[in-house]
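First up is the structure itself, then whatever we jot down about it.
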Amino acid sequence: MVECIVKTLIEKNRKACEVGRLKSENAIDALMSISEYSTRLFTEIHTSVFYDLQKYYPETWIIIRQHRFDFISNQITENIIRGQKEGLYISNLDPKTMSGIYLSMVSMMTDSDIFDVENNQYGELLEQIVLFQLRGIVNDKGRELMNKNMKNKEK
Numbered sequence: 050m051v052e053c054i055v056k057t058l059i060e061k062n063r064k065a066c067e068v069g070r071l072k073s074e075n076a077i078d079a080l081m082s083i084s085e086y087s088t089r090l091f092t093e094i095h096t097s098v099f100y101d102l103q104k105y106y107p108e109t110w111i112i113i114r115q116h117r118f119d120f121i122s123n124q125i126t127e128n129i130i131r132g133q134k135e136g137l138y139i140s141n142l143d144p145k146t147m148s149g150i151y152l153s154m155v156s157m158m159t160d161s162d163i164f165d166v167e168n169n170q171y172g173e174l175l176e177q178i179v180l181f182q183l184r185g186i187v188n189d190k191g192r193e194l195m196n197k198n199m200k201n202k203e204k
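Take a look at the structure:
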């Protein structure tokens, strides 16, 4: 049953990413849209869920990790390539390396004690990780667009 729930959530995540990517005007918009969905999802997850999955359902945890390393890594890589083509991201960054750095931060969020996360605060932490990543990959043109998007989001 646990595995079925996780697989259902993974499929919802895949669909939300696809919709966010297809409806977005640019790479920054896509990343922020996907981030909003993931933030809402992570806000609903109690901090003990990740620990329990790792300890009591290791096969299911492997499915989650595989989703990260396959699907999420690919989505981030493609987003960086798109942003570079659109002239919004720093052109000489290696998309695979940047994707790996992002996945490392997300893994630290759920797989370790590095972040002291209170109940239902994973969403806020994920939002900070995405903003940290985005600020590190945008160029001047992308920074202007990012700031504009963030101001529109606040309204």
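Convert by adding 49 to the 1-based position in the sequence shown; the result is the number in the working numbering.
For each residue, glycine too, the CB sits at the ideal point set by N, CA and C.
Bear in mind the structure is a predicted one, so any value in this text is a computation, not a measurement.
Please determine, among the options, the residue with the shortest C-alpha to C-alpha distance to residue i.
i: Val-55; options: Arg-89, Glu-108, Asp-165 and Asn-75; result: Glu-108
i: Gly-185; options: Tyr-86, Glu-60, Tyr-151 and Leu-58; result: Tyr-151
i: Ala-76; options: Gly-132, Val-179 and Asp-101; result: Gly-132
i: Glu-93; options: Leu-174, Glu-203 and Val-179; result: Leu-174
i: Leu-183; options: Asp-162, Asp-165, Ser-148 and Phe-164; result: Ser-148
i: Ser-87; options: Glu-52, Ile-139, Ile-178 and Lys-202; result: Ile-178
i: Asp-143; options: Ser-156, Glu-127, Asp-165 and Ser-97; result: Glu-127
Taking its Cβ as the centre, do 16 or more other Cβ atoms sit within 10 Å of residue i, making it buried, or is it exposed?
i: Met-199; result: exposed
i: Thr-57; result: exposed
i: Phe-181; result: exposed
i: Asn-123; result: exposed
i: Val-51; result: exposed
i: Met-172; result: The amino acid occupying residue 172 in the given sequence is Gly; Met does not appear at that position. Flag for Gly-172 reads buried.
i: Leu-80; result: buried
i: Ile-129; result: buried
Sort out for me which residues DSSP pairs residue i with in a bridge.
i: Tyr-138; result: Val-187
Please report whether the beta-carbon of residue i lies at a distance below 8 Å from any beta-carbon of chain D.
i: Cys-66; result: Judged by its chain identifiers, the structure shown contains no chain D, having just a single protein chain.
For residue i, which residues from the same chain have a beta carbon less than 7 Å from its beta carbon, with the 5 sequence-adjacent residues on both sides left out?
i: Phe-99; result: Thr-159
i: Leu-137; result: Asn-75, Ala-76, Ile-77, Val-187, Asn-188, Lys-190, Gly-191 and Leu-194
Less than 6 Å between C-beta atoms, sequence neighbours within five positions excluded: which residues of the same chain meet that for residue i?
i: Ile-83; result: Cys-66 and Gly-69
Please go through the same chain and pick out, in chain order, the residues whose beta-carbon is closer than 8 Å to the beta-carbon of residue i, but skip the five residues on each side of it.
i: Ile-113; result: Val-55, Ile-59 and Leu-102
i: Phe-164; result: Met-157, Met-158 and Leu-174
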